[in-house]
Every structure is written in C-alpha cells, then in structure tokens.
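Everything below concerns the one structure shown next.
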Amino acid sequence: GAIEIILEDVLCPTFNKEYLTEPDVYLDANNQAFVNFSIIKQFPPDVQVRFHLLGASMGEFVIETGIDVEMGLCEIFGEPVIMGPLLKLYGFVAADCPPSP
C-alpha cells in the first residue's frame with residue numbers, strides 16, 4: 001500500500017535571526033507549501049539543518065513519525081528522499097553551498 005502525507009501546518013520554531021528572516025509558510029487547499037524567507041548573512045561552512053516531521057492525534061502534533069533528520073546543509077544535497085529535493089525546490093544549488101545572501 002501507499003502512504004499519503006497531508007500537510008496541515010508547518011512551523012519553523014527555531015531559526016537564527018542573524019542569518020535568516022523569519023520563515024513564513026503557507027499551505028494551500030491542494031496541500032502545496034509556499035515558503036518565504038531571506039538569507040541576510042553568509043552561513044558558516046558547518047551550518048546544520050534539521051527537518052522533524054510529527055503526526056497529529058486529536059489536533060495535537062505529538063506522534064513521532066520516525067522522520068527526524070539533522071545534517072550539514074551542504075551534505076543534504078545528496079539526500080534523495082526529502083531534504084535534497086526540498087533544497088532544490090527552494091532554488092538552492094550544491095555549487096553555491098553554503099548559499100549566499
């Protein structure tokens with residue numbers, strides 16, 4: 001069987017204001033995510049990124065899905081399932097890593 005993932009909310013509870021503007025994420029009726037943020041300062045070469053996916057029960061995001069990835073930003077381009085494609089979708093390229101403001 002197939003697994004269907006429906007996004008209901010996206011939160012960015014942790015980000016560094018020295019390097020990024022506050023991420024703004026909008027989900028439309030077709031389950032598409034629109035993300036807006038700006039890089040305001042060059043990231044250090046060892047910058048880390050975390051992607052943590054929680055499931056909901058009774059309206060609360062409390063169920064661990066087993067998807068919790070933390071790795072160096074420039075290493076993520078090699079991750080083929082979630083993080084690599086997301087970075088490419090947002091316009092990041094491996095040749096400009098860490099990305100410039």
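Residues 1 to 101, numbered by full-length UniProt numbering, are exactly what the sequence shown covers, in order.
The beta carbon of each residue, even a glycine, is placed where N, CA and C say it ideally should be.
D96 carries a helical assignment under DSSP once its states are collapsed to helix, strand and coil.
The closest CA to that of G91, considering only F37, T21, P44, K41, is found on F37. Excluding its 5 nearest sequence neighbours in each direction, S57 has C-beta neighbours in its own chain below 8 Å: I63, listed in chain order. Setting aside the 5 residues that flank it on each side, D24 is surrounded in the same chain by N36, each with a C-beta closer than 6 Å to its C-beta; the list follows chain order.
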